[in-house]
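See structure below.
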Amino acid sequence: MMKSRLPLLLFGLVLHAPVWAAQTICNDNSGSGWPINDFSETTISIPYNFADDGLVIDVDVEVDISHTYIGDLSAFITSPEGTEISLFQRPRTTAPFDQDVGPYGCSRDNLDVRFDDSAGSRMENSGCTFSNPTYSGSYRPHNGAPNNLSAYSGQDPIGTWQFRFMDPVSQDTGRMNEACIHIENASLIFDQWVSTNASCSDTVDVLSVASGQNIYTCYVITNTGDEAFSLSSGDWSNNLGHDLSGLERTYNPGVTDTVVIGPQTAGASPYFQGVTLGTAEVTIRGATAVFPSTESITTDETSEVYVDTPPPATGNKDLYLYDNLDLSRVVPTSNQSDDDLLEGETKIWTLTPALQTNLEISNSATEVPVTLYLGETGSGNVRDIELEISGSISGTVAVGTTSLGLTGSYEEYVVNIPITGTRSLVSGESISLRIQNTTNGWGTRRLHVDPSNGSNEHSRITLPAETVINVDEIGVYSQSYATNPSATPVAGIEAGNTAYVRIEVSDPFGSFDITAADITLTDAASNVQVNAAAMTEVFDSSAATKIYEYVYNVPAFPNLGTWRADVTAYEGTEGLVSHDSYTDFAVFRPPNLSVLKSANVTSANPGDVITYTVAVTNSGSGVAQNVYLEDTLSPFTDLDTGSFSCTAGCPGSGVTLGTVNFTTGVDGDITVWDVMMSGDMNPSSSFTLQYQATVE
4 MMKSRLPLLL FGLVLHAPVW AAQTICNDNS GSGWPINDFS ETTISIPYNF ADDGLVIDVD
64 VEVDISHTYI GDLSAFITSP EGTEISLFQR PRTTAPFDQD VGPYGCSRDN LDVRFDDSAG
124 SRMENSGCTF SNPTYSGSYR PHNGAPNNLS AYSGQDPIGT WQFRFMDPVS QDTGRMNEAC
184 IHIENASLIF DQWVSTNASC SDTVDVLSVA SGQNIYTCYV ITNTGDEAFS LSSGDWSNNL
244 GHDLSGLERT YNPGVTDTVV IGPQTAGASP YFQGVTLGTA EVTIRGATAV FPSTESITTD
304 ETSEVYVDTP PPATGNKDLY LYDNLDLSRV VPTSNQSDDD LLEGETKIWT LTPALQTNLE
364 ISNSATEVPV TLYLGETGSG NVRDIELEIS GSISGTVAVG TTSLGLTGSY EEYVVNIPIT
424 GTRSLVSGES ISLRIQNTTN GWGTRRLHVD PSNGSNEHSR ITLPAETVIN VDEIGVYSQS
484 YATNPSATPV AGIEAGNTAY VRIEVSDPFG SFDITAADIT LTDAASNVQV NAAAMTEVFD
544 SSAATKIYEY VYNVPAFPNL GTWRADVTAY EGTEGLVSHD SYTDFAVFRP PNLSVLKSAN
604 VTSANPGDVI TYTVAVTNSG SGVAQNVYLE DTLSPFTDLD TGSFSCTAGC PGSGVTLGTV
664 NFTTGVDGDI TVWDVMMSGD MNPSSSFTLQ YQATVE
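As numbered in my numbering, residues 4 to 699 make up the sequence shown, in order.
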């Protein structure tokens, strides 16, 4: 079909949509726009990410199009929640917006229009003028309420908006220059930063630190919208026990406030060794006429802190020579026979048992000291010796040569062998010491090695090790190891109950080289309740690990709060090296829940609506988990299932309303409701539920 058109007086003037305010966002395809071809339909994205969460007060849309015969075009806008609104449809025609049929509408060119519900008229009802652009200024969208831009009121504007335009008609083409959305909204950004500095200037929500470092947690609220709002007591919560009351205030647009918690020690409560996930939630309530206190926005934020476990203890591991050519961590207690090496002869001492876990040689060490008690017989007193330390799997660790002037009696000599090879030895391999008498010359030139006199003279390797002994795990349990060896650690122990502090200790040379462990317990008032008490060995793997346990009966009336268990594990008969670790645990009294149900009237007639209030209080000092409510209804009322809400203390008490379930009787009426609240209820807190029922 052919379209008729009138001659144009103006050509080619393109007006770009202005930026209206801080919360206006546009897309012009980097200045290139998008072609509008015959029979085409195009959707462009407009990301709107000024805040974490928000609530729409008002939306306007600006459209700039260069196109001959504007009557061909239609355009639509869709919110992040999926609501599509028609902005205009083929101006000056009643023909279908998506078909190439007449009448063909406005034959003029170009438009630069702002769509606003408060404008005077629709674009389709306005004249098709000779001006360029044909349509400019403000117009109402295609449909009236509730299908105009007011449909977005109360939606969350954050996300990607979609602008769709189409030309289903032949002959005329053009270009979509730019689309903009202007949103008046109530919105906020809520941040939870974790840092090693008090200002949280690095603004990160994932942090890795070593045990013992200081951690700061910064909570920040910023009003990014156009309307004031307030944060009140009971409208915030977090799972780390942090006090966010410092954020309670009224926030005008652009206002930011911050609460800094810390320093808190990495490895102690609430940032224990391993990964701690922090979650916080705030509910802000309106403080203006268009965003009243009856409207609210809830948003949450998370952070993640990884606390490294303390590194294994470092130190020197002595490996002792025996006359049967064993190397051992056990100090000889009896006299060992001499080992003789003729000229050119080699003898090798081998570690027994083999390594039970991986072993690292110290990166700072350049030599391995070898202490030998040596003597000689035969011609001359100088002996040339080659020494090598190696692993049966990983190969040479250190090798070197020396010449020593010996005497007929045994004397101590220390030979420092340069580290020339691997520093990493693996589980299952044996360490060996090779000694070769490389002396040349006339006559017999024996070398005598005395492993030990059983008292104070011991031939040995002194191995500088990074991994000597390690407390692999520490936890507090409500059951003994004997009762439940696979029990899961608990976060706290109730006053008057028994705490079982359990540690697992490893040593690369084997569990036999772990000799003891002790514990110190400090209460919430920093009083030492147990000082360096011996822990009881409850399991020996006969491989690399041992498990120790300490049993402590918590008093009935202790200092409530965070207690600390410090442990030390010791290795070797020499007792030279130990490793420390610790954990925090809560000592608490149990929760004490009470429930009070009330109605807003004392009597009612058929047809009256009764509002029921259920108040739940935890007056104890312990956290209440799995808070479950169930109520049997009067057979003379009809429950309004949509009226259920938590009117106070959610999430301030630590819980929010879970899924409410309804049970119906034989007549189809609801007889029972029940709900499992989400989250754990804090000590000394309360929440309130409300629902309505109609008297039958």
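We put the CB at the ideal spot given by N, CA and C, even for glycine.
Beta carbon of Ala494 nearer than 9 angstroms to that of Phe588:
yes
When we look at the beta-carbon of Arg252 and count the other beta-carbons within 10 Å, is it buried (16 or more) or exposed?
exposed
Can the beta-carbon of Arg505 be found closer than 9 angstroms to that of Val533?
No, they are not a contact pair.
Beta-carbon within less than 6 angstroms of Val197's beta-carbon, same chain only, minus the 5 sequence neighbours each way: which residues are those?
Leu210, Thr220, Ser306, Val308
Can you grab the Cα-Cα spacing for the pair Arg701 / Phe515, in whole Å?
Any question about residue 701 goes unanswered here, given that the chain covers just 4 to 699.
Any idea if Val66 is buried or exposed, counting beta-carbon neighbours within 10 angstroms, 16 or more meaning buried?
Under this definition Val66 is a buried residue.
Nearest neighbour of Thr163, chosen from Asp303, Ile47, Ala122, Val207 [CA to CA]
Ile47
State the beta-bridge partners of Arg437 as determined by DSSP.
Ile351, Glu391
Per DSSP, Arg505 forms a beta bridge with which residues?
Gly478, Glu552
Closest Cα partner of Ile550 within the set Pro558, Asp510, Ala559
Residue nearest to Ile550 within the set Pro558, Asp510, Ala559 is Asp510 (criterion: CA-CA distance).
In three-state DSSP terms, what is Ala25?
The predicted model places Ala25 with a pLDDT of 47, which falls under 50 and marks its position as unreliable; any figure quoted below should be read in that light. Coil at Ala25, not helix or strand.
With a cut-off of 9 angstroms, does the C-beta of Ala231 fall near any C-beta of chain B?
The chain inventory of the structure shown lacks chain B, comprising one protein chain alone.
Should the stretch 339 to 357 be called in touch with the stretch 225 to 244, which here means at least 3 C-beta pairs below 8 angstroms?
The stretch 339 to 357 is not in contact with the stretch 225 to 244.
Closest to Gly347 by C-alpha separation, out of Val619, Leu450, Asp321, would be which residue?
Among Val619, Leu450, Asp321, the Cα nearest to that of Gly347 belongs to Leu450.
Tell me which same chain residues have a C-beta within less than 7 angstroms of the C-beta of Ala24, skipping the five on either side of it?
The pLDDT assigned to Ala24 is 39, lower than 50, so where the model puts this residue is not dependable; a value taken from the coordinates is nonetheless given after this. Excluding residues within five positions, the ones whose Cβ falls inside 7 angstroms are His185.
Beta strand (DSSP E) segment containing Val258, residue limits
It is not in any beta strand (DSSP E) - Val258 carries neither H nor E in the DSSP assignment.
Reducing DSSP to helix, strand and coil, say where Glu298 ends up.
coil
My understanding is that Pro315 touches Asn473, with C-beta atoms under 8 angstroms, so please give their C-beta distance in whole angstroms.
4 angstroms
How many angstroms separate the CA atom of Ala651 from the CA atom of Ile80?
Each residue's alpha carbon lies about 37 angstroms from the other.
By the three-class DSSP mapping on this structure, what secondary structure does Ser367 have?
coil
By how many angstroms is the C-alpha of Asp677 removed from the C-alpha of Asn664?
5 angstroms
Within 9 angstroms, strictly: CB atoms of Thr279 and Pro273:
yes
Are there three or more Cβ pairs, one per stretch, closer than 8 angstroms when the stretch 474 to 481 is compared with the stretch 365 to 385?
They do not touch, by the three-pair rule.
Terminal residues of the continuous beta strand (DSSP E) containing Gln165?
162 to 170
On the three-state DSSP scale, how would you describe Ser514?
helix
Can the beta-carbon of Ser427 be found less than 9 angstroms from the beta-carbon of Leu362?
yes
Nearest CA to the CA of Tyr325: which residue from Asn456, Asn384, Asn217, Thr317?
Asn456
Apply the 10 Å Cβ neighbour rule to Asp175 and answer buried if 16 or more other Cβ atoms are within range, or exposed otherwise.
Asp175 should be labelled buried.
Buried or exposed: where does Glu699 fall if 16 or more other Cβ atoms within 10 Å of its Cβ makes it buried?
The residue in question, Glu699, is exposed, as its Cβ has fewer than 16 Cβ neighbours within 10 Å.
Assuming Met679 contacts Tyr631 under a Cβ cut-off of 8 angstroms, what Cβ separation, rounded to an integer in Å, is found between them?
Beta-carbon to beta-carbon, Met679 and Tyr631 are separated by about 5 angstroms, close enough to satisfy the 8 angstroms threshold.
Return yes when the Cβ of Val452 is within less than 9 angstroms of the Cβ of Lys350, no when it is not.
yes
Endpoints, the beta strand (DSSP E) within which Tyr107 is located:
Careful: Tyr107 lies outside any beta strand (DSSP E) and carries neither H nor E.
Sorted by chain position, which residues of the same chain lie with C-beta nearer than 6 angstroms to Leu692's C-beta, five sequence neighbours on each side aside?
Val617, Cys649
According to DSSP, residues forming a beta bridge with Val64:
Bridge partners of Val64: Phe118, Ile184.
To which residues does DSSP link Ile224 through a beta bridge?
Phe193, Asp260
Reference Asp583; option with closest CA among Pro593, Ala568, Val371:
Ala568
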